[in-house]
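Each remark here refers to the structure printed beneath this line.
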Amino acid sequence: MIILGIESTAHTFGVGIVRDKDPFILADVRANYVPKEGGIHPREASRFFATKAHEVIKQALEQARISINDIDAIAVALGPGLGPCLRVGATIARALASFFNKPLVPVNHSVAHVEIGLKLTGARDPVIVYLAGGNTMIIAFNDKRYRVFGETLDIALGNLIDVFAREVGLAPPYVRKGVHVVDECADKGSKLLDLPYIVKGQDVSFSGLLTAALKHYKTGKYRLEDICYTLREIAYSMVVEVSERALAHTSKNEVLLVGGVAASRRLQEKFKLMAKIYDASVHVVPPRYAVDNGVMIAWTGLLAYKHGVVIPVEKAVVRQRWRLDEVEIPWRS
Amino acid sequence: MAFRRGGDTLEKLELIYKGAEAYLFKSTFLDTDVIVKYRLPKPYRDPLLDRRIRRDRTILEARIIARVKELGVPVPTLYMVDPEKAIIIMEYIHGIRLKELINHANISIIETYVREVGKSIGIMHSAGIVHGDLTTSNIIVKEDTPYIIDFGLAQYSDELEDKGVDIHLFLRSLESTHPRFVDRLFKAFIKGYEEIVGSRGKESILKKVREIRMRGRYVEERRLRKQ
Chain A
1 MIILGIESTA HTFGVGIVRD KDPFILADVR ANYVPKEGGI HPREASRFFA
51 TKAHEVIKQA LEQARISIND IDAIAVALGP GLGPCLRVGA TIARALASFF
101 NKPLVPVNHS VAHVEIGLKL TGARDPVIVY LAGGNTMIIA FNDKRYRVFG
151 ETLDIALGNL IDVFAREVGL APPYVRKGVH VVDECADKGS KLLDLPYIVK
201 GQDVSFSGLL TAALKHYKTG KYRLEDICYT LREIAYSMVV EVSERALAHT
251 SKNEVLLVGG VAASRRLQEK FKLMAKIYDA SVHVVPPRYA VDNGVMIAWT
301 GLLAYKHGVV IPVEKAVVRQ RWRLDEVEIP WRS
Chain B
334 MAFRRGGDTL EKLELIYKGA EAYLFKSTFL DTDVIVKYRL PKPYRDPLLD
384 RRIRRDRTIL EARIIARVKE LGVPVPTLYM VDPEKAIIIM EYIHGIRLKE
434 LINHANISII ETYVREVGKS IGIMHSAGIV HGDLTTSNII VKEDTPYIID
484 FGLAQYSDEL EDKGVDIHLF LRSLESTHPR FVDRLFKAFI KGYEEIVGSR
534 GKESILKKVR EIRMRGRYVE ERRLRKQ
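As given, the protein sequences belong to chains A and B, one line each in that order.
Residue 333 in the numbering used here sits at position 333 of the first sequence; the count goes up by one each step and never skips.
Just add 333 to wherever you are in the second sequence, counting from 1, and you've got the numbering used here.
Laid out in structure tokens, this is it:
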């Protein structure tokens, strides 16, 4: 079985082609939208996608050395994400499905991050920590679904460090040689400042931390390195603390880190220190598949399609706020 | 110094609960049974941050317990607080957890207890305090009085949202421990709550609870409602 998957939820238009035996990845092509300044402008990103899409799909088919006729089904991320961006991927997927008469498989972007992490690390039944630009969630599988044990009450962890980096002039670029600029700056700091640490039950809140960190920066009284150090210490510790609660509560013995922020070395160290208390192992999705990509959509689409999950073309509409705990997962028990 | 018999130091610490954040020990202090709550240091936090968090949370929990007791709500008595060591020593409530009692006692007696709990929470909410982890495991009945315990996640808050979460959590724990009597018991709880906050306070909190339950996290309820 061969599945083509399309990702277009935020800044990446990605097409992946996978099959149901190893090596499972046949093609992985991506086009990244990089804003000239500020954060993602959804409409600009969507225009960029529209101009790149045909090229990316063509390249993917070439890389896989197959023709569109060899594809069994088209998978597409219908959400969650930015509306204009999502619509590009959805439109193309619907067009391919109806023109070439292929089944269409709806994929939840968050579920796809989890599934590619499980596939590539071999973790069996972990507490999953999904940390990205738009998402911060502590997840565990239970009774047919991925359940959310804790999450951010406001902005995501990736959003916190990206916005901070941008506002204080550290970014763009946000990542240099695989290291986030805030991580890089924090490595040179050592002094813990007084910034708020906000954990409410199982949930975290970052917006107060962002505001306070920026205020500290604007006074000019503190070294930027120390602000970065404190911001990182507090933000990461908050996430590790709620993950610890989920691990203790579920009695699972694995932790899996997925999403773009998972690449942070310091974050991984903290998770390892925590997991040691419970004799649990820590798995991290490889950096290339921690960020948005088409392969994870194709892979999740393959799992879903094998269990009969398909959607009629006319019903394949995007859902900007589609939560992962709304999705039935028939391929796990 | 007969009254000092048994000493004023802790004796025979017996670990009775291992939580992610704290350990609970049973011990004796000044000849009475006590609970010693010790917040654990975490190796993954900067040492200064770790000390600050454990100290602040110890102080907050102790302050809230003291304040709630002052309001007349049955809670454990505080005996000693050491913020630097992150230790709270408090009364050991000799009783039975409501969670266990629900399955054994007469339902109308449980109803009166739950109504008392509703009153207690109404008093706390009116004073701007939320419990943060209100479940039937965190209520101990001693001599016909339901005591509220574990203020580890309690906060000062006047947000309807936070209060709604308290009630939602309580309802959810009723659903999981004793689904057959959920409606009766929740009605009793709300009756007690209304005695304190009035009918308008009751209406607005119930509206909030419904809203919380309709959100994504609790899609099960949303799905059922649509059918």
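Backbone N, C-alpha and C define an ideal beta-carbon position, used for all residues, glycine too.
Do residue j and residue i come within 8 Å of each other at the CB atom, strictly closer than that value?
{"i": "leucine 273/A", "j": "threonine 230/A", "result": "no"}
{"i": "valine 258/A", "j": "alanine 290/A", "result": "yes"}
{"i": "tyrosine 356/B", "j": "tyrosine 377/B", "result": "no"}
{"i": "tyrosine 526/B", "j": "lysine 452/B", "result": "yes"}
{"i": "asparagine 293/A", "j": "glycine 16/A", "result": "yes"}
{"i": "glutamate 254/A", "j": "serine 237/A", "result": "no"}
{"i": "leucine 434/B", "j": "isoleucine 443/B", "result": "yes"}
{"i": "valine 168/A", "j": "tyrosine 222/A", "result": "no"}
{"i": "leucine 493/B", "j": "lysine 541/B", "result": "yes"}
{"i": "valine 261/A", "j": "alanine 132/A", "result": "yes"}
{"i": "serine 8/A", "j": "leucine 86/A", "result": "yes"}
{"i": "alanine 75/A", "j": "glycine 301/A", "result": "yes"}
{"i": "serine 205/A", "j": "aspartate 162/A", "result": "no"}
{"i": "proline 407/B", "j": "isoleucine 481/B", "result": "yes"}
Put residue i into one of helix, strand or coil per three-state DSSP.
{"i": "alanine 438/B", "result": "coil"}
{"i": "isoleucine 311/A", "result": "coil"}
{"i": "arginine 124/A", "result": "coil"}
{"i": "lysine 540/B", "result": "helix"}
{"i": "glycine 150/A", "result": "strand"}
{"i": "glutamate 492/B", "result": "coil"}
{"i": "lysine 563/B", "result": "This structure leaves residue 563/B out entirely; chain B is present only between 334 and 560."}
{"i": "lysine 370/B", "result": "strand"}
{"i": "valine 258/A", "result": "strand"}
{"i": "valine 29/A", "result": "strand"}
{"i": "arginine 65/A", "result": "coil"}
{"i": "alanine 487/B", "result": "coil"}
{"i": "methionine 137/A", "result": "strand"}
{"i": "glycine 340/A", "result": "Given that chain A is displayed from residue 1 to residue 333, the structure contains no residue 340/A and the question cannot be resolved."}
{"i": "threonine 361/B", "result": "strand"}
Under 8 Å between beta-carbons, which chain B residues line up against residue i? List them in chain order, please.
{"i": "methionine 274/A", "result": "Lys375, Pro376 and Tyr377"}
{"i": "glutamate 233/A", "result": "Arg378, Asp379 and Leu382"}
Give the straight-line distance between the Cα atoms of residue i and residue j, rounded to the nearest whole angstrom.
{"i": "aspartate 279/A", "j": "leucine 61/A", "result": "44 Å"}
{"i": "glycine 79/A", "j": "lysine 252/A", "result": "28 Å"}
{"i": "glutamate 424/B", "j": "leucine 247/A", "result": "30 Å"}
{"i": "glutamate 225/A", "j": "isoleucine 297/A", "result": "38 Å"}
{"i": "proline 416/B", "j": "glutamate 233/A", "result": "22 Å"}
{"i": "glutamate 347/B", "j": "histidine 427/B", "result": "16 Å"}
{"i": "aspartate 125/A", "j": "aspartate 383/B", "result": "30 Å"}
{"i": "phenylalanine 99/A", "j": "leucine 267/A", "result": "46 Å"}
{"i": "isoleucine 92/A", "j": "methionine 137/A", "result": "29 Å"}
{"i": "threonine 469/B", "j": "tyrosine 350/B", "result": "17 Å"}
{"i": "arginine 323/A", "j": "valine 175/A", "result": "28 Å"}
{"i": "leucine 160/A", "j": "glutamate 241/A", "result": "18 Å"}
{"i": "phenylalanine 362/B", "j": "glutamate 394/B", "result": "20 Å"}
{"i": "aspartate 379/B", "j": "aspartate 389/B", "result": "15 Å"}
{"i": "serine 537/B", "j": "glutamate 508/B", "result": "22 Å"}
{"i": "phenylalanine 164/A", "j": "arginine 19/A", "result": "40 Å"}
{"i": "arginine 321/A", "j": "valine 29/A", "result": "26 Å"}
{"i": "serine 333/A", "j": "isoleucine 25/A", "result": "25 Å"}
{"i": "histidine 54/A", "j": "serine 46/A", "result": "14 Å"}
{"i": "aspartate 203/A", "j": "glutamate 151/A", "result": "5 Å"}
{"i": "histidine 458/B", "j": "aspartate 491/B", "result": "7 Å"}
{"i": "isoleucine 66/A", "j": "lysine 36/A", "result": "36 Å"}
{"i": "alanine 123/A", "j": "valine 129/A", "result": "13 Å"}
Is residue i close to the ligand PLP? I mean its beta-carbon at under 7 Å from any heavy atom of the ligand.
{"i": "glycine 189/A", "result": "Judged by which ligands are present, the structure shown has none, so any question about the ligand PLP falls away."}
In chain A, what lies closer than 7 Å to residue i by C-beta?
{"i": "glycine 497/B", "result": "Going along chain A, no residue has its Cβ under 7 Å from glycine 497/B, so there is no contact; the nearest lies around 13 Å."}
{"i": "isoleucine 603/B", "result": "This structure gives no information on residue 603/B, because the portion of chain B shown stretches from 334 to 560."}
{"i": "alanine 353/B", "result": "Glu244, Arg245 and Ala248"}
Check each candidate in the options and name the one with the smallest Cα separation from residue i.
{"i": "leucine 170/A", "options": "Asn159/A, Val182/A, Asp325/A and Ala132/A", "result": "Val182/A"}
{"i": "isoleucine 462/B", "options": "Lys496/B, Thr478/B, Leu381/B and Leu502/B", "result": "Lys496/B"}
{"i": "isoleucine 472/B", "options": "Pro409/B, Ser490/B, Ile397/B and Arg396/B", "result": "Pro409/B"}
{"i": "leucine 467/B", "options": "Phe358/B, Phe522/B, Lys359/B and Ile386/B", "result": "Phe522/B"}
{"i": "isoleucine 347/A", "options": "Arg245/A, Val127/A, Asp162/A and Val295/A", "result": "The requested residue 347/A does not occur in the structure, where chain A is confined to residues 1 to 333."}
{"i": "serine 264/A", "options": "Thr250/A, Asp325/A, Asn108/A and Lys177/A", "result": "Lys177/A"}
{"i": "asparagine 32/A", "options": "Leu209/A, Ile311/A, Phe49/A and Ile6/A", "result": "Phe49/A"}
{"i": "leucine 387/B", "options": "Lys345/B, Val447/B, Leu486/B and Ile429/B", "result": "Correcting the residue identity first, residue 387/B is arginine in this sequence and not leucine. Residue Leu486/B is the option with its Cα nearest to arginine 387/B."}
{"i": "tyrosine 446/B", "options": "Ile456/B, Ile421/B and Lys475/B", "result": "Lys475/B"}
Interface residues of chain B around residue i at Cβ under 7 Å?
{"i": "leucine 192/A", "result": "Asp379, Leu381 and Leu382"}
{"i": "serine 237/A", "result": "Tyr377, Arg378 and Leu382"}
{"i": "valine 240/A", "result": "Tyr377"}
{"i": "lysine 270/A", "result": "Tyr377"}
Could you tell me which chain B residues have their CB closer than 9 Å to the CB of residue i, listed as they occur along the chain?
{"i": "glycine 201/A", "result": "Gly465, Asp466, Leu486, Val498 and Leu502"}
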